[in-house]
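S.K.:
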Amino acid sequence: MPLRPPRAILFDLDGTLADTAPDLAAAANFLRQQRGLEDAPYEQLRPVASAGARGLIGAALGIRPGEDEYEELRVRFLDRYQANMTTHSRLFDGIPELLVQLEARGIAWGIVTNKAARFTDVLAPQIGLGHAGCIVSGDTTPHSKPHPAPLLEAARRLQLTPEDCWYVGDDLRDIQAGKAAAMPTIAAAWGYCGHTEPAGWEADALLHAPLQILTLLD
C-alpha cells in the first residue's frame with residue numbers, strides 16, 4: 001500500500017543520517033585501554049552504536065546499567081566521546097543528495113534522536129546538518145524514544161500533524177516511536193540495526209540506501 005505523501009520527513013541521527021559509530025566505538029575502546037585491554041573489534045561495537053553509552057559499554061566491557069561501575073564508566077565514556085565526536089563521523093553516502101532533493105520538492109526535514117543536546121547541538125552543524133527544520137534531542141522532552149513524545153514535538157515545531165510526517169530510523173525503537181506517534185515509518189537498513197533484523201520491525205517500508213526514499217516519493 002503506497003504511503004501518504006509527506007510534508008516532512010524526520011530522521012534519527014546515529015546510524016540513519018550520520019555514520020557516527022567510529023567515534024562512539026573509539027570512546028568505548030578508550031575505556032578498555034584504561035584497563036589495559038586490547039581494543040574490541042569494530043564489528044562487535046558498530047551494531048550497538050545507536051544504543052549509545054548503554055549499548056557500547058555493554059558490548060565493550062560487559063557492564064550494564066545498574067551495576068556498580070556503570071555510572072562512572074558512562075560519565076567517562078560521554079566525556080571522551082564529547083571531546084572527539086567529530087573525528088571520523090560523517091553523513092552516510094546519499095544523505096546530502098537526499099536532503100537537497102527534499103528541499104527542492106518543498107518537503108521539510110528534521111532530526112529526532114535520543115542523543116543528548118550537549119552532543120547534538122555541536123555535532124549536527126559540524127557534519128552538515130545545521131540547517132535541519134528542527135532538532136529534537138533525547139533530553140528535549142521528558143521522554144525519549146520509543147516514547148512518541150519527541151516525534152510529536154518535532155511535528156509541533158514544524159507546525160504539521162504527525163500524519164503529515166514520515167519517520168526514518170535504524171533501530172526497532174525508532175519504528176515503535178513512529179507507530180506510537182501515528183507516523184508512517186521507514187526502517188533504515190543501511191544503519192546499525194542492533195542485533196535484530198529490520199525486516200521484522202513491521203515498518204511501513206524497509207530501505208537499503210538513503211536515496212531509495214526518493215522512489216517512495218515518486
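Numbered by UniProt numbering, the letters in the sequence shown go through residues 1 to 218 in order.
Even for Gly, the Cβ is constructed at its ideal location relative to N, Cα and C.
Remember, predicted model here, so these are calculated numbers, not experimental data.
On a Cα-Cα basis, can you pick out the residue from Leu3, Leu17, Leu214 that is closest to glycine 110?
M.R.: Comparing C-alpha distances from glycine 110 to each of Leu3, Leu17, Leu214 shows the shortest one belongs to Leu17.
S.K.: Where do the ends of the beta strand (DSSP E) carrying leucine 45 lie?
M.R.: Careful: leucine 45 lies outside any beta strand (DSSP E), inside the alpha helix (DSSP H) at 42-45.
S.K.: So, using beta-carbon positions, are leucine 98 and isoleucine 127 closer together than 8 Å?
M.R.: no
S.K.: Would you call the segment 195-204 and the segment 136-148 in contact, with 3 or more CB pairs under 8 Å?
M.R.: no
S.K.: Tell me the rounded alpha-carbon separation between glutamine 82 and alanine 116.
M.R.: 11 Å
S.K.: Which residues in the same chain as arginine 105 place their Cβ atom closer than 8 Å to its Cβ, once the five residues preceding and following it in sequence are excluded?
M.R.: Residues Leu217 of the same chain have their beta carbon placed closer than 8 Å to that of arginine 105, with the five preceding and five following residues left out of the count.
S.K.: Anyone know if the C-beta pair for cysteine 193 and isoleucine 9 falls short of 8 Å?
M.R.: no
S.K.: Look at the Cβ atom of alanine 53, then the Cβ atom of leucine 37, and state whether they are nearer than 8 Å.
M.R.: no
S.K.: On the DSSP letters alone, give me the boundaries of the alpha helix (DSSP H) that isoleucine 57 sits inside.
M.R.: 52-61
S.K.: Per DSSP, what are the beta-bridge partners of aspartate 19 in this structure?
M.R.: Its beta-bridge partners are Arg90.
S.K.: What three-state label does DSSP hand glutamine 192 in the structure shown?
M.R.: A small correction: the amino acid at residue 192 is tyrosine; glutamine does not occupy that position in the sequence shown. The answer is coil: DSSP assigns tyrosine 192 none of H, G, I, E or B.
S.K.: Using DSSP's beta-bridge definition, name the partner residues of tryptophan 109.
M.R.: Ile9
S.K.: Taking the straight line between their C-alpha atoms, what separation do you get for isoleucine 135 and proline 41?
M.R.: 32 Å
S.K.: Taking alanine 209 as part of the alpha helix (DSSP H), name the residues at either end of that continuous run.
M.R.: Annotation for alanine 209: no alpha helix (DSSP H) segment contains it, and DSSP assigns it neither H nor E.
S.K.: Check whether the Cβ atoms of alanine 60 and asparagine 29 lie closer than 8 Å to each other.
M.R.: yes
S.K.: For isoleucine 186, which of Ala180, Ile107, Arg173, Leu207 has the nearest alpha-carbon?
M.R.: Leu207
S.K.: Take the Cβ of threonine 113 as the centre, count every other Cβ of all protein chains shown within 10 Å, and call the residue buried at 16 or more, exposed below.
M.R.: Around the CB of threonine 113, 16 or more other CB atoms lie within 10 Å, so the residue is classed as buried.
S.K.: Just the Cα atoms here: how many angstroms apart are arginine 4 and leucine 172?
M.R.: 22 Å
S.K.: Is valine 75 buried or exposed, if buried means 16 or more other CB atoms sit within 10 Å of its CB?
M.R.: exposed
S.K.: What are the residues that DSSP puts in a beta bridge with alanine 124?
M.R.: Per DSSP, none; premise fails for alanine 124.
S.K.: DSSP three-state label for alanine 132, please.
M.R.: coil
S.K.: How long is the line joining the alpha carbons of glycine 58 and leucine 73, rounded to whole angstroms?
M.R.: Roughly 10 Å separates the two Cα atoms.
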